[in-house]
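Undergrad: Numbering (the numbering used here), first residue to last: 877 to 1296. Note that beta-carbon positions come from the ideal geometry of N, C-alpha and C, so glycine has one too. Here the structure is a predicted model, which is why all the values come from computation and not from measurement. Structure below; questions to follow.
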């Protein structure tokens, strides 16, 4: 048998390495103690972390301590579903007095307090206090880069806030997300994708839930088709199906209709609108007509700040002046000149030779003043039609943004005079 000679460290070398060994051992013990004391481990089961800490010395211990520290300082602590959430308190801010409790039917399900995520150069979120009632369809609107996706990612736990707090009135397993660009393995069929989602979020359900969800999202006929051949719109529907299969209490949708044709958009919006009262939905979109169609609550983001939140109808009523479209016969230029001199007229536009659009400071002033000016100028009134107020124009009035800057759809009405 060959003789194997093992060279052990000399006494001086071993003595020099002793402090390092003690430091590594102390780090190992500290990480294991912290893991044992923690109620749950971040991202992985506790037994997996134990193996990593023991086998990957010292990197496993360092990884666990770093990840657990980031998780504990991210401000994302879901609250029990049995109680409505109260306001969170940031460590860098004074305590905030709680709001009076709303009626039981409209308890706040999702709330944030001074939520901030600063990316630098004015990008991110700043002091956002979100309040989403239970059972509401809440629309987040704003131009591209306003912070809509960042806010949704923080609510889902995909990103951490710099400071501030998030409170959810449902457990994490009752929250579902559909990103703006869902992606799936191309070799899977639509049924397999949704069934895989069911396995992870609702293993107690059977295949009937998958079939029903595919039918609900308009994918029943392509259930056995591989998703690598799907169009962008079909992939968007599949993402929504994967989110809905577990019957979540809170559904977060990022631009759910961006890739759909008009018919597909109408179907998905009808589906989302039908969820009102049964589950809470937060959807982001820059297509304001879609938000107005389904959302009973709206939050307006611009530059990372929440400029407004409340009922959609209130936003329209408070930030839009009444408008009329007139068609005249006679001296149109004289009528336009006279209307612009009226103190109650906010904006007057003339186009096509015989049409005038006028915006007044109140319905009463417009209904009384318009006929009086037309009669005084000797013009004939061929047609007078009120212009319906919509969320798009209310958004522009609130943010004072030009249409090209806001990047909204559809294109906003031309503005010729700015309100004082």
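#1: Where does residue 1235 sit, in a helix, a strand or coil, going by DSSP?
#2: For the segment 1112-1120 and the segment 1079-1095, state whether three or more C-beta atom pairs, one from each stretch, are separated by less than 8 Å.
#3: Please classify residue 968: is it buried, with 16 or more other beta-carbons within 10 angstroms of its beta-carbon, or exposed?
#4: Among the residues of its own chain, which have a CB less than 6 Å from the CB of residue 1129, if the five just before and after it don't count?
#5: Under the three-state reduction of DSSP, which class applies to residue 1014: helix, strand or coil?
#6: On the DSSP letters alone, give me the boundaries of the alpha helix (DSSP H) that residue 1213 sits inside.
#7: Please report the distance separating the alpha-carbon of residue 1035 from that of residue 1029.
#8: Could you give the C-beta distance for residue 856 and residue 1045, rounded to a whole number, given that I count them as a contact under 8 Å?
#9: Could you name the residues that DSSP lists as bridge partners for residue 912?
#10: Rounded to the nearest angstrom, what separates residue 1066 and residue 1166 at their Cα positions?
#11: Any idea what DSSP makes of residue 1184, helix, strand or coil?
#12: Assign residue 1253 to one of three DSSP states: helix, strand, or coil.
#13: Quick one: using the 10 Å Cβ neighbour count with 16 as the cut-off for buried, is residue 894 buried or exposed?
#14: Count the other C-beta atoms from every protein chain shown that fall within 10 angstroms of the C-beta of residue 1071, then say buried if there are 16 or more, exposed otherwise.
#15: Taking the beta carbon of residue 1014 as the centre, do at least 16 other beta carbons fall within 10 Å, making it buried, or is it exposed?
#16: Secondary structure at residue 968, three-state DSSP: helix, strand or coil?
#17: Using 8 Å as the threshold, is the segment 1198-1206 in touch with the segment 1247-1267, meaning 3 or more CB pairs across them?
#18: Taking the Cβ atom as the reference point for each residue, do residue 1008 and residue 1110 lie within a distance shorter than 9 Å?
#19: If you compare alpha carbons, which of 1199, 1126, 930, 992 is closest to residue 1041?
#20: Could you pull the start and end residues of the alpha helix (DSSP H) that residue 1087 belongs to?
#21: How is the beta strand (DSSP E) around residue 995 delimited, first residue to last?
#22: Helix or strand or just coil, what does DSSP make of residue 1189?
#23: Taking only the alpha-carbon atoms, compute the straight-line gap between residue 1056 and residue 1010 and give it to the nearest angstrom.
#24: What residues in its chain sit with their C-beta under 6 Å from that of residue 1181, if we drop five residues either side in the sequence?
#25: For residue 1155, count the other beta carbons within 10 Å of its own beta carbon; 16 or more makes it buried, fewer makes it exposed. Which is it?
#26: What's the C-alpha gap between residue 1104 and residue 1139?
#27: Determine whether the Cβ of residue 1162 lies closer than 9 Å to any Cβ atom of chain B.
#28: Within its chain, find whatever has a CB closer than 6 Å to the CB of residue 1231; leave out the 5 residues flanking it on each side and keep chain order.
#29: Would you check if the distance between the CB atom of residue 1050 and the CB atom of residue 1124 is smaller than 9 Å?
#30: Going by C-alpha to C-alpha distance, which of 1271, 1093, 927 sits closest to residue 1191?
#31: Jot down the residue ranges of each uninterrupted beta strand (DSSP E) in the segment 1045-1129, minimum 3 residues, whole runs only, in chain order.
#32: Note down, in chain order, each residue of its chain lying with its Cβ closer than 6 Å to the Cβ of residue 1149, except the 5 sequence neighbours on either side.
#33: Could you check whether residue 1113 and residue 1136 sit closer than 9 Å to each other, using their CB atoms as the reference points?
#34: Suppose the cutoff is 8 Å on Cβ atoms and the five residues either side in sequence are ignored; what does the same chain contact list for residue 1253 look like?
#35: Got a sec? Which residues, its chain only, sit under 6 Å from residue 903 by beta carbon, not counting five neighbours each side?
TA: Walking through what the data contain:
#1: Stepping through the chain shown from its first residue, residue 1235 is reached at position 359. The answer is strand: DSSP assigns residue 1235 an E or B state.
#2: yes
#3: By 1-based counting over the chain shown, the position of residue 968 is 92. Only weak support exists for where residue 968 lies, its pLDDT of 33 falling under 50; the value from the coordinates is given anyway. Exposed: under 16 other Cβ atoms inside 10 Å.
#4: Counting from one through the chain shown, the residue named residue 1129 turns up at place 253. Same-chain partners within the cutoff: 1054, 1159.
#5: Here residue 1014 is taken as the residue at index 138 of the chain shown, counted from 1. Reduced to three states, the DSSP call for residue 1014 is strand.
#6: The residue labelled residue 1213 in the question sits at position 337 within the chain shown. Residue 1213 -> alpha helix (DSSP H) spans 1208-1217.
#7: Locating residue 1035 in the chain shown gives position 159, counting from the first residue. Locating residue 1029 in the chain shown gives position 153, counting from the first residue. The alpha-carbon separation between residue 1035 and residue 1029 amounts to approximately 6 Å.
#8: Outside the shown range of the chain (877 to 1296) lies residue 856, about which nothing can therefore be said.
#9: Position 36 of the chain shown, counted from the first residue, corresponds to residue 912. For residue 912, which the question treats as bridged, DSSP gives no partner whatsoever.
#10: Numbered from its first residue, the chain shown carries residue 1066 at position 190. Numbered from its first residue, the chain shown carries residue 1166 at position 290. If you take the alpha carbons of residue 1066 and residue 1166, they lie about 26 Å apart.
#11: Counting from 1 along the chain shown, the entry for residue 1184 is found at position 308. The answer is strand: DSSP assigns residue 1184 an E or B state.
#12: Against the chain shown, residue 1253 aligns to sequence position 377. Here residue 1253 sits in helix by DSSP.
#13: Here residue 894 refers to the residue found at position 18 when the chain shown is read from its first residue. The residue in question, residue 894, is exposed, as its Cβ has fewer than 16 Cβ neighbours within 10 Å.
#14: The sequence position of residue 1071 within the chain shown is 195, counting from 1. Its Cβ being crowded by 16 or more others within 10 Å, residue 1071 is buried.
#15: The count along the chain shown starts at 1 and reaches residue 1014 at position 138. It counts as buried.
#16: If you number the chain shown from 1, residue 968 lands on position 92. Because the pLDDT of residue 968 is 33, which lies under 50, any placement of that residue in the model is unreliable, and the number read from its coordinates should be weighed accordingly. Residue 968: coil per DSSP, three-state reduction.
#17: yes
#18: Position 132 of the chain shown, counted from the first residue, corresponds to residue 1008. Position 234 of the chain shown, counted from the first residue, corresponds to residue 1110. No; because the gap between Cβ atoms is not below 9 Å, this pair is not in contact.
#19: Within the chain shown, residue 1041 is the residue found at index 165, counting from 1. The residue among 1199, 1126, 930, 992 with its C-alpha nearest the C-alpha of residue 1041 is 992.
#20: By one-based count along the chain shown, residue 1087 stands at place 211. For residue 1087, the enclosing alpha helix (DSSP H) starts and ends at 1083-1092.
#21: To locate residue 995, count along the chain shown from 1; it is residue 119. Unbroken beta strand (DSSP E) run through residue 995: 984-996.
#22: Within the chain shown, numbered from 1, the residue matching residue 1189 stands at position 313. It is helical.
#23: Your numbering for residue 1056 matches position 180 in the chain shown. Your numbering for residue 1010 matches position 134 in the chain shown. Whole-angstrom Cα-Cα distance: 23 Å.
#24: The residue given as residue 1181 occupies position 305 in the chain shown. The answer, listed in chain order, is 1002.
#25: Position 279 of the chain shown, counting from 1, holds the residue named residue 1155. By the neighbour-count rule (16 or more Cβ atoms within 10 Å), residue 1155 is buried.
#26: Taking the chain shown and counting its residues from 1, the one referred to as residue 1104 is at position 228. Taking the chain shown and counting its residues from 1, the one referred to as residue 1139 is at position 263. So the alpha carbons of these two residues sit roughly 23 Å apart.
#27: Absent from the structure is chain B; it holds one protein chain and no more.
#28: Numbered from its first residue, the chain shown carries residue 1231 at position 355. For residue 1231, where only same-chain residues beyond five positions count, the Cβ hits under 6 Å are 1203.
#29: The residue given as residue 1050 occupies position 174 in the chain shown. The residue given as residue 1124 occupies position 248 in the chain shown. In contact: residue 1050 and residue 1124 (Cβ atoms closer than 9 Å).
#30: Here residue 1191 refers to the residue found at position 315 when the chain shown is read from its first residue. It is 1271 whose Cα lies nearest to the Cα of residue 1191.
#31: Runs found: 1051-1054.
#32: On the chain shown, residue 1149 is found 273 positions in, with the first residue counted as 1. The answer, listed in chain order, is 1170.
#33: The residue given as residue 1136 occupies position 260 in the chain shown. The residue given as residue 1113 occupies position 237 in the chain shown. Yes, they are a contact pair.
#34: On the chain shown, position 377 is the one that residue 1253 refers to. 1206, 1207, 1210, 1211, 1214, listed in sequence order.
#35: On the chain shown, residue 903 is found 27 positions in, with the first residue counted as 1. Closer than 6 Å at Cβ, skipping near neighbours: 934, 937.
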